[in-house]
Each structure stands twice: as structure tokens, then as C-alpha cells.
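Asks: Okay, handing you the structure first.
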DNA sequence: TGCTAAGCGAGACGGTACGTCTTGTCTTCCG
DNA sequence: CGGAAGACAAGACGTACCGTCTCGCTTAGCA
């Protein structure tokens, strides 16, 4: 649909990259709370209007920057059993949530999603739902194998898994650890 | 230690109440994102300085207002078994999270706790830790009864319980429901 | 040095004019003491920052507004004699000091010059010194004509002339009148 | 009518003195522009209300403090001639205006008199008119002696004398000096 | 000796204005 | 026409003082 050349000067990829980079750096240096559009524009050497033209809010800049930096796909390769698949998924997740810069970014985006409803919808679609879909692949595979416990229901497994990860990130600020992974697997994919 | 009268004009309880009330009302009407200290002061008929003198941020006003409104103690009365105690606790929690005004308030406070580190510490101490302590009472009672499963460890039970509740509140915006309560109990306090 | 176009949006002449006008009107209506930058901005339909960007204080706004309104050059045209030149100068001055709005403005600026040292320097340079220079032209001309009394010295003539005008304005609030003009001329430029 | 003792606790002379002293010291240290009633009360160890009970503005405190400190009567003792009386008066005046603390105080009070009309009336009555009356004594004595020039009229002499002194104080910030005294006497009380 | 009345230090109150910061829009010139 | 620069209107921020109002406590004269 986009193959026909657009009229006028094309969007500057350099400005886009500079903006995303500046937003990530500034957020890391001064924190999301003190992040401003003016600051990002100044750091990036970019006009403010250029930012307003392409992103609806500073949270959207970070969402795109985060998506670009850490391509957030989690491995859903087949490890032979639901239990092994789940362990791999959880360990990848806790790797991710343990990276301090990334954890700070996710905290800020989840916070903004509560305050700005419209960004919340975009964040859910662009991040939260993708993560649930990744887990859904594992669960579907287990169901086909006949490997999946009757309870809890698939959606509730996701609520428990992601709930625990997010609660650790947002409320206790302790990262996910190996003990918690073991306990979750013991509960959700028992051996017997 | 404080019973000796302080010198100077005593704090006005009327102003305190008016501020808390105004903050709750305005947050409900226009949302936390558009809430301002100026607006609260105007609605309450109170000087801005009076607010700044007693609360460090608008989130702290809402924290105190929420604590005053819904005295957040959850029932930890003894229902005879860990399973019954846990069910009562979860049902009370999901009652609370289902109250739309209260859920919005908690979302906003959890969001602010991510953005403002110092408020985060106060929020954790005044709300999150109290909730964990309530659950700890139930778990201790179960341990004394010999009613408590070996795994998961008590702290992790709390992470799973509160994680699931908060994830539903923050990420899916669907309240806790009876199915989820059943599944959680099935996992954490199995019958056999 | 400035002829090359500046980058960015140029200063809005409309905002500048509106600010000067609003300041003069408000000062006339409510008096200098009750004049506020917020009020000027509101009346002018201008952002506060636009005012702070271009003027260091409300007194400077009025100084510029006054300079713009009554272009304060006094006639120094040659009337043939020191006596006639001096009379013309004094009569123009007392015309000016008799205009009630202008007298109020000058009173306020002289007052502010006492309280704010830095504005005092600007006021001296932009107004008081210019007036002394105008009188100096008359005195120089008289000296060339051989028309100038030996005493008092030129600088002291200025102190006496302007001192009397300002004292009437500030201390007695009676404007300069014809009698005082006659007496000053009789003293400073006697006939014999 | 007031000689009968008032009921209630009498005014504290200690608080009055502390207030006047604190006002003078603070004005000298930080300048009239940054002087505040709160600051005076704090420095004096006095309640704000105690100040508001007795003085209508900070300028009135300084007016009373100045009057107390330098009792401002100028010598009007008879020196035998108008010329000698005038010289004594001018020299006493320029002594006064040369004292830097006092000059700053007078500048501030004259400035405030322009901005606050009601204080202006009090300042005129308590200070400016008294000074004119002192000069009037000298002029009356000269008239009785037959020593007084026909022109300028007595009131205009005062305008010229005080005008010159104040102009030097307010506009040029150079104190009155011996040359100016000589020239003024030469003009207003010529020898022949 | 106790009562009444006003002044006292302290400090919170409702407000106003400050000067700064940020937002999102606009207006210019350059490439 | 996209982009950098930067001025613009709007308005919230947190601070400083304002002038007023309670407090509990003197400190006097009057009973």
C-alpha cells in the first residue's frame, strides 16, 4: 500500500533514531518523571514539532525505543514438554525483568498506561498482548500434546504468570528469581 | 509525648477533611492525570500553602484519603481452615478491587509509585506491606494448624496472590472474578 | 551585526505593543503599587513567559512604554539667548510634569529606581541622563555666546533645575508653575 | 483623655524597641526591597500580629526607627545673618544626607511615599513638612532683620533648597558637597 | 486573691503574586 | 515540504509573604 512514493520530503530516519536514542538516554539519566519533550528534542538536536508530528506522547517514544532496542520476542521453541517450555519462557522473562534499564522502562510505561487511557490501549496492544500470545503458543502446544493440566484455565495461567512477574517489578522491586520460577512451575506444571 | 499543647494555632481539621474530600471527588471526576494541586485547593476552599504544608504530593493526599475512606483492613477472622481463610481473604480483595472508584484510585497510586520513588516508599509502607501482613496472619495460622502446603513458600504465596490481583487491575482492567478465586485456591490450598 | 536573519520565529510586534499598552492602562487604572505582571499578561492576552523573556521587571515595561508614548525630547532650539532657551526648556518640562498620567508614571519609576538598584541604573541612563544632556546643549550654546553667568557651574545648574522639578513632583505633588519658572530664570539667568 | 490607665496588659516597650532595631538592621543588610514584615518579626523575636497591631506598614516602622535614631532637628540657632543661617542649615543637611545608612533610609521612604499614597501623607507630615518649617524659621528671622532678598519667594526657596538636596540623593546618588552649598548660598543669599 | 482585659510569641489559615517550567502550536528560514 | 529554531498563549508548579485568626500565656488594674 505504501509502495507509491509519497510526495514531499521523506521522513528523516536520522531524526527518528536521534529522538529514540535521546529519549532512552535521558530516561535512564534523570528518570521518567523528569523526562520532558523539550529535553528530548534538545538532546536529539531535533525540532519539537518533528516529535509532535510523529509521536502522540513521550511514553510512545519510549515504547517504540524499547521495542527497537530489545526486540521483545521470547523464545517459544519446543522443548519437548509443557514444563520445559514454561521454564524456558519464565527464565527468559526474568532475564528481561532483571536488566535494570529495561525494568525501569517497563515500570514507567505501565505507570503511564494507568494515567493515560489512550496510551494504555496502545501499550496493551503493542506489548502486553504480544506477551500473552507468546505464552498462548506454549499452552496450545501443550494442549495438543495432552500435556496441559485441566486447571487452571489458559487465561488464568497467564494472569498468574504475568501477574507475579509484574508484581515483583512494580511492588517489591525485587526481580524474579530462580526460587519463584521453581515454585511457579511446580504449581502450574506439576510432575505427577 | 505530644500531649503537651503545641504553641501556635492548631491545625484545622476542617481544612484537612475538605482537602481529602476535594481530592477524591476531583480524581473521580477528571481522572488522576488531570488532577492538580491548584484544583484541589480551589475545590476545597483552602490555600495552596496549606496543602503543601501537610502533604508532599497529590498522590499522598489520595493515599491518606483512600486510607480514611475505605479502612482497608481485610478480614483475617478464623474460618477454621487455610482454604476457608484464603477464600475469605480473596473474596474481600476482589470486592475491593471491583469497586470502580477504589480500583481507579489504586491504579493511580501504583502508577505514581513507579514515577516518584519517594512516594513509592510511602505507598509500599502504608498500603502494600499492610496487605502482605494481613495475608501473613492467615498463613501463620495455617502453619500452626499444620494446614499449610510445603510449597510455595509464604512470601511467594503473597507474590502470586497479590500479583494476580494487581495484574488484573493494571493490565487487563478486568476485575478479579469467582473463577480466578477458585483456581487460585485450587492451586494454593488443594483439598487433598 | 544583526542584519542576518535570526533563526526561529521572530519576536511578535503585536505582543510587544499589547504588553506596553496594557501596562500603561493598568498602571493608570489601579496604580503602580497594585500593578502585577500577571495582570499585564492577562490584560494584554499574552503569556507571562513572553513578558519575562523581554523585560526584566514591570518598571522596565513602563519605562519603555513611557519612552514610546511621550517621546521625551525637549526642545533645544535656539531662541537667541540663554534666558530664552532656559525659559523654553522649563516651560516644556513643566508641561510634561503637569500631565497627570505622565507625572504618576515618573513618580513610580523614580520610586522603583530607589528600591531596585539595577533598574535605577537603567532609568538613569535612559531618562535622567538624557534630560541632563538636553540642558547641557543649552548651556554649551550660552557659553559659546558668552551668555552664561560665571556661577553656578553647569552641573549645578542642572541639579537645581531638575531638583526643583522633581521635588515638586515627588514631595509636594504640586506641579511646576509659572511663578517658579520666573524665579528660577531670575536666579540662573539674571538680566543684568 | 488618655491619662487614665488602660485596662489589660500594657504595650511591651521591649517588643517595640526590638522591632525598630530589627527593621533598621535588616534594611541595612538586605535592602528595603527585600525587607519583609515576616523577616522583621523573626529577627526581633516578636509575633507578626504585634507588628501589625502597632504599625500600618514596614515603611512606617522605618519612619519611626529613623526618627528615633537620628533626631532629625536641624540647628536653627541664630548666626547673625540670613547667609550664615542658611549655610549652617545646608551644612547640617548635607552632613545628614552624607551618612550612608541614613541616605538609604530616606531614599526608601521617599520611594514608598510615591507608591503608597497614605504612607506618603504620613511621611510628608512627619518628615518633609518639619524640614520646611525649620527652614521657615530661618527665613522669618531674615525677614524680620530685613535681610531677605525680595525674590525668590520663601516657599520657592524651600523648593530649590530641598529639591537640590533630594535630587542629589535620589537621582545622582552623589551626596551634597561644599561646592553646591557655596553656589546655593551665592544664589539665594547674595552678598551685595 | 481572683477576675477581666488586652498584649504577647507562635504558627496555621486563605490568598495573591512571584518567577520558572512544560505543553502543544505557530511562524520563520534553510535544504 | 520536512525539519531546526525558537517565540508564542496557556497554565501548573512550588515558594514567599501578605494580613488575619486562633492558641495558651503573661501582665496589668480592679474587685
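Residue numbers (the working numbering), protein chains in the order written: chain P, 4 to 195; chain E, 4 to 195; chain B, 4 to 195; chain L, 4 to 195.
Glycine residues also receive a C-beta, built at the ideal position from the N, C-alpha and C atoms.
Bear in mind that the values here come from a model prediction, so they are computed numbers and not experimental data.
(1) With 8 Å set as the bound, which would you pick, yes or no: does the beta-carbon of residue 155 (chain B) sit closer than that to a beta-carbon of chain L?
(2) Could you tell me how far apart the beta carbons of residue 43 (chain P) and residue 29 (chain P) are, in whole angstroms, since I believe they sit closer than 8 Å?
(3) Looking at chain E, is there any beta carbon in it that lies within less than 8 Å of the beta carbon of residue 190 (chain P)?
(4) With distances taken Cα to Cα, identify the nearest neighbour of residue 109 (chain P) among P:17, P:31, P:15.
(5) Determine the extent of the alpha helix (DSSP H) in which residue 184 (chain B) is found, giving its start and end residues.
(6) Need the endpoints of the alpha helix (DSSP H) that residue 69 (chain E) sits in, please.
(7) For residue 123 (chain B), does the three-state DSSP call read helix, strand or coil?
(8) So, are the CB atoms of residue 177 (chain E) and residue 161 (chain E) less than 8 Å apart?
(9) For chain P, check one thing: does any of its Cβ atoms lie closer than 8 Å to the Cβ of residue 36 (chain E)?
(10) Quick check: is the beta carbon of residue 63 (chain P) nearer than 8 Å to any beta carbon in chain E?
(11) By the 8 Å beta-carbon criterion, what residues does the region 101-116 of chain L contribute toward chain B?
(12) Checking contacts by CB at 8 Å: is residue 173 (chain B) closer than that to chain L?
(13) Leaving out the 5 sequence neighbours to the left and right, which residues in its chain are closer than 7 Å to residue 149 (chain B) when beta-carbon positions are compared?
(14) Three-state secondary structure (DSSP) at residue 84 (chain B)?
(15) Can you give me, in chain order, the residues of the region 136-165 of chain P that have a beta carbon less than 8 Å from any beta carbon in chain E?
(16) Taking all protein chains shown into account, decide if residue 9 (chain L) is buried (16 or more other Cβ within 10 angstroms of its Cβ) or exposed.
(17) Give a yes or no on whether 8 Å exceeds the smallest Cβ distance from residue 6 (chain E) to chain P.
(18) When the distance is taken between beta carbons, is residue 118 (chain L) closer than 8 Å to residue 163 (chain B)?
(19) Counting pairs of Cβ atoms below 8 Å between the region 75-94 of chain E and the region 186-194 of chain E, do you hit three or more?
(20) When you measure from the CB of residue 80 (chain L) to every non-hydrogen atom of the ligand SAM, does any distance come out below 7 Å?
(21) What did DSSP end up calling residue 109 (chain E) once you bin it into helix, strand or coil?
(22) Quick check: what's the CA-CA separation for residue 17 (chain E) versus residue 127 (chain E)?
(23) Only counting the same chain, and skipping five residues up and downstream in sequence, which positions put a Cβ closer than 6 Å to that of residue 115 (chain P)?
(24) Grab me the residues of residue 174 (chain L)'s own chain with a C-beta within less than 8 Å of its C-beta, minus the 5 sequence neighbours each way, in chain order.
(25) Give the interface partners of residue 183 (chain E) over in chain P, defined as CB-CB distance under 7 Å, in chain order.
(26) Is it buried or exposed for residue 96 (chain P), if we count other Cβ within 10 angstroms and need 16 for buried?
(27) Please confirm if residue 131 (chain B) has its CB atom under 8 Å from at least one CB of chain L.
(28) Grouping DSSP H, G and I as helix and E and B as strand, with all else coil, what is residue 18 (chain E)?
(29) Please compile the residues from chain L whose C-beta is within a distance smaller than 7 Å of the C-beta of residue 57 (chain B).
(30) Going by C-alpha to C-alpha distance, which of B:46, B:124, B:35, B:33 sits closest to residue 20 (chain B)?
(31) In the DSSP assignment, find the unbroken alpha helix (DSSP H) run with residue 128 (chain E) in it and report its ends.
(32) Can you pull the chain B neighbours of residue 119 (chain L), defined as C-beta to C-beta under 9 Å?
(33) Run through chain E and tell me which residues come within less than 7 Å of residue 167 (chain P), C-beta to C-beta.
(34) With distance defined between alpha-carbon atoms, name the residue in B:72, B:54, B:53 nearest to residue 104 (chain B).
(35) Comparing alpha-carbon positions, which option in B:60, B:181, B:15, B:80 lies nearest residue 143 (chain B)?
(36) What residue range does the alpha helix (DSSP H) around residue 162 (chain P) cover?
Replies: In short:
(1) yes
(2) Confirmed, Cβ separation roughly 6 Å.
(3) yes
(4) If you compare the alpha carbons of P:17, P:31, P:15 with that of residue 109 (chain P), the shortest gap goes to P:31.
(5) 181-191
(6) 61-72
(7) Residue state, collapsed to three classes: helix.
(8) If you check the CB distance, residue 177 (chain E) and residue 161 (chain E) do not come in under 8 Å.
(9) yes
(10) no
(11) 110, 111, 113, 114, 115, 116
(12) Taking Cβ atoms only, chain L reaches closer than 8 Å to residue 173 (chain B), which makes this a yes.
(13) Within the same chain, no residue comes within 7 Å of residue 149 (chain B) by CB-CB distance, once the 5 residues on both sides are set aside.
(14) coil
(15) 154, 155, 156, 159, 162, 163, 165
(16) exposed
(17) The predicted model places residue 6 (chain E) with a pLDDT of 44, which falls under 50 and marks its position as unreliable; any figure quoted below should be read in that light. False, the Cβ-Cβ gap to chain P never drops below 8 Å.
(18) no
(19) yes
(20) Summarising the ligand content, the structure contains no ligands, and the ligand SAM is consequently not present.
(21) The answer is helix: DSSP assigns residue 109 (chain E) an H, G or I state.
(22) 28 Å
(23) 62, 122
(24) none
(25) 159, 162
(26) buried
(27) Judged by the 8 Å Cβ criterion, residue 131 (chain B) is in contact with chain L.
(28) helix
(29) Those within 7 Å of residue 57 (chain B) in chain L number zero; the least Cβ separation is about 22 Å.
(30) B:46
(31) Note, residue 128 (chain E): premise wrong, no alpha helix (DSSP H); not H, not E.
(32) 36
(33) 162, 163, 166
(34) B:72
(35) B:80
(36) 157-170
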